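Asks: Pasting a structure here, questions to come.
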């Protein structure tokens, strides 16, 4: 292990360091501190920097690979004879989104999603359970707010009717004892 540690230092050789007889103790302390600093800390920092650079290189490699695939596809298409290119390469596609596709026996094995269906699924994705719950919660909130406004309207109307009844009773001279609001009629 000592030989490996010395090898990590580079230019310092094991024989020249340990075979000399006259070495002050301060030198050994500085030498061990240098070993720890150089071997452990600096080497780990260099490895960390290299790993961080690899992530950037990998991201660039993905883009480069996609660009190379596009170039390959275009080169292969150019290499095809014009007659084959005109016959098999589609330059446009007409989509009738409301038309039903006919069914044949081969359509079972050819389960391609039509562009219209793909567009419809992209525009109206299936909702997750959380989104469904949020929509239900919003609907309930709207319903509660509607009921609250209706209840307030009924309360206002009842208050007006009570005021009218009191005015009529006063006009005709009928007296009724006022009930306290906190009593229950059991």
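In UniProt numbering, the protein residues as written are 1 to 186. Yeah, the Cβ is synthetic: ideal placement off N, Cα and C, and Gly gets one too. Please read all numbers here as calculations on a predicted model, not as lab measurements.
What separation, rounded to the nearest whole angstrom, lies between the Cα atoms of residue 22 and residue 33?
Replies: Locating residue 22 in the chain shown gives position 22, where the first residue counts as 1. Locating residue 33 in the chain shown gives position 33, where the first residue counts as 1. Going by the C-alpha atoms only, they are around 19 Å apart.
Asks: Can you tell me whether residue 38 is helix, strand or coil according to DSSP?
Replies: As a first step, residue 38 is located in the chain shown; it is residue number 38 there, counting from the start. It is helical.
Asks: If we require 3 or more residues per run, which beta strand (DSSP E) segments fall completely within the segment 115-154?
Replies: Fully enclosed beta strand (DSSP E) runs of 3 or longer: not present.
Asks: Just checking my contact of residue 85 with residue 77 at CB under 8 Å: how many whole Å lie between their CB atoms?
Replies: Residue 85 sits at position 85 when you count from the first residue of the chain shown. Residue 77 sits at position 77 when you count from the first residue of the chain shown. Indeed, because the Cβ distance is near 7 Å, the residues count as touching under 8 Å.
Asks: Run through DSSP, which three-state label would residue 93 get?
Replies: The sequence position of residue 93 within the chain shown is 93, counting from 1. In the structure shown, residue 93 sits in coil (DSSP, three-state: anything other than H, G, I, E or B).
Asks: Residue 186 to residue 158, Cα distance in whole Å?
Replies: Within the chain shown, numbered from 1, the residue matching residue 186 stands at position 186. Within the chain shown, numbered from 1, the residue matching residue 158 stands at position 158. With a pLDDT of 46 at residue 186, under the threshold of 50, the modelled position of that residue is not reliable, and no figure is offered here.
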